[in-house]
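Asks: Sending over a structure as structure tokens; questions will come in a sec.
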Amino acid sequence: MEQSLDSTAYLTAEAFAADRAAIFHRQWFCAAREEDLPEPGDHSVIDVAGESVLLVRGKQGALHAHYNVCRHRGSRMCDAANDARWGVTLDAGVVGRTMIRCPYHGWSYALDGRLLAAPQLQDTPGFEKAAFSLHPVGVAIWGGFVFLNLSPETAPDFEAELTDPARRLANYPLADLRTAKTIRYELNANWKLILENYNECYHCPGVHPELTAIVPAFKERGGIDLDWEAGIPHREGAYTYTMDGTTTRAPFPGLSEEEKVRHKGELIYPNLMLSVSCDHAAAFVLWPLAADRTLIECRFLFHREEMVRADFDPSDAVDFWDLVNRQDWAVCERVQSGIAARVHTHGYYAPIEDLSLDIRRYVSRTHEA
Ligand code: FES
Ligand SMILES: [Fe+2]
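Quick note: the sequence shown uses the working numbering, first residue -6, plus one each step.
As structure tokens, this is what we get:
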């Protein structure tokens, strides 16, 4: 059997710092949905891998992302939590939907990051505003998901990275989905353990009785025969992830007959786990906080036309997923505490966990790059 990563990869501050540097500081990662920022000037501050990013909708409608750091002497431009801590309100951040202003000495920037004005410096010889744009963060969109890259000058080709998931989910109207409910889970587990758990079905018979009742294929031979390209069939009469496998919601427009009764799942490295049924999607965005702590933002997405119906109710899917999720998080935390035992140096992947091995490949590939 193949060995898993060394236990230290999930446990130590050094390994966590290496993941941050090799993966989150260099690769594309999922950070938001386009729907979060509908209007010019709408913005959010995103803390990832020890960095603070300002994501903002520009005047022409495009999204821009910048390091949340003024080019003058380095103040954060948006930091409402710090203001609250000191009981002050600084006139700063995204102001009047048209500019970003630093609170310290008032340098102001366009939403796209260009320096607009620096008080008292207009007559300074040799002061070129063009050289003082905010440090950029890469932005890319796929299916309504917003991805960021903290090293845009050396970022991998985003479209190439998404080629396979985009092909497998081509019929799903992901950009037309909207978030009906978000649940945030904070786990005492390393982010890679959560990805590994998502990527194998060996654990399904023991951990997920309700899920395997709807999807018996998850019980068969540890999931080795599952065809994720074609989608996973449900039991006779079931076609979605709810407690009884049915729903009153219409299937997404554009699905094939097979996709109307099957389930698909994608792991988009490093931090988006996406599960799609015919009528909803569950999107899990992982935010690694420490070697042994991860925040999972779980969004439940539905077609926007379905959501405006008077009788729209997401709870059949949300309740089912929340149960399955909590079963998963419980075992992930057990692994995190178990692998810290002094006798455990690494685990093993059974042959039927072959997909989990992919994580080891991803981690070693990105760390070597
Ligand atoms: S640090 Fe931002 S204007 Fe001085
Ligand atoms: Fe699971």
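Ideal Cβ placement from N, Cα and C applies to all residues, glycine included.
Taking the alpha carbon of histidine 128 as the point to measure from, which residue in Leu294, Ile207, His57 and Pro209 has its own alpha carbon closest?
Replies: Nearest option by C-alpha distance: His57.
Asks: May I ask you to report which of helix, strand or coil DSSP gives tryptophan 184?
Replies: Three-state result, tryptophan 184: helix.
Asks: To the nearest angstrom, how far is the alpha carbon of proline 149 from that of tryptophan 21?
Replies: Each residue's Cα considered, the two are about 8 Å apart.
Asks: Per DSSP, what are the beta-bridge partners of threonine 82 in this structure?
Replies: DSSP lists no partner for threonine 82.
Asks: Under 7 Å from any heavy atom of ligand 1, by CB: list those residues in chain order, please.
Replies: Spelled out in chain order, the answer is Cys63, His65, Arg66, Gly67, Ser68, Cys95, Tyr97, His98, Gly99 and Trp100.
Asks: My output table needs one value for asparagine 318: the three-state DSSP class, helix, strand or coil.
Replies: Asparagine 318 falls in the helix class under three-state DSSP.
Asks: Could you please give the first and the last residue of the uninterrupted beta strand (DSSP E) stretch that includes glycine 258?
Replies: Segment 255 to 261, the beta strand (DSSP E) holding glycine 258.
Asks: Where do the ends of the beta strand (DSSP E) carrying tyrosine 342 lie?
Replies: It spans 339 to 342 - the beta strand (DSSP E) in which tyrosine 342 sits, taken as one unbroken run.
Asks: Count the other C-beta atoms from every protein chain shown that fall within 10 angstroms of the C-beta of glutamate 189, then say buried if there are 16 or more, exposed otherwise.
Replies: So glutamate 189 counts as buried.
Asks: Between the C-alpha atoms of histidine 36 and isoleucine 134, what's the straight-line distance to the nearest angstrom?
Replies: Distance between the alpha carbons of histidine 36 and isoleucine 134: 16 Å.
Asks: Taking 6 Å as the cut-off, does the CB of aspartate 363 come closer than this to any heavy atom belonging to ligand 2?
Replies: In the structure as shown, the chain begins at -6 and stops at 362. Residue 363 is therefore absent and cannot be evaluated.
Asks: Return helix, strand or coil for cysteine 325, following the three-state DSSP convention.
Replies: Helix, per DSSP.
Asks: How long is the line joining the alpha carbons of cysteine 291 and isoleucine 261, rounded to whole angstroms?
Replies: Taking the straight line joining both Cα atoms gives about 15 Å.
Asks: Drop a sphere of 10 angstroms on the beta-carbon of methionine 236, count the other beta-carbons inside from all chains shown, and report buried for 16 or more, exposed for fewer.
Replies: By the neighbour-count rule (16 or more Cβ atoms within 10 Å), methionine 236 is not buried but exposed.
Asks: Report, in whole angstroms, the separation of the C-beta atoms of tyrosine 234 and isoleucine 207, which I expect to be a contact under 8 Å.
Replies: Confirmed, about 7 Å.
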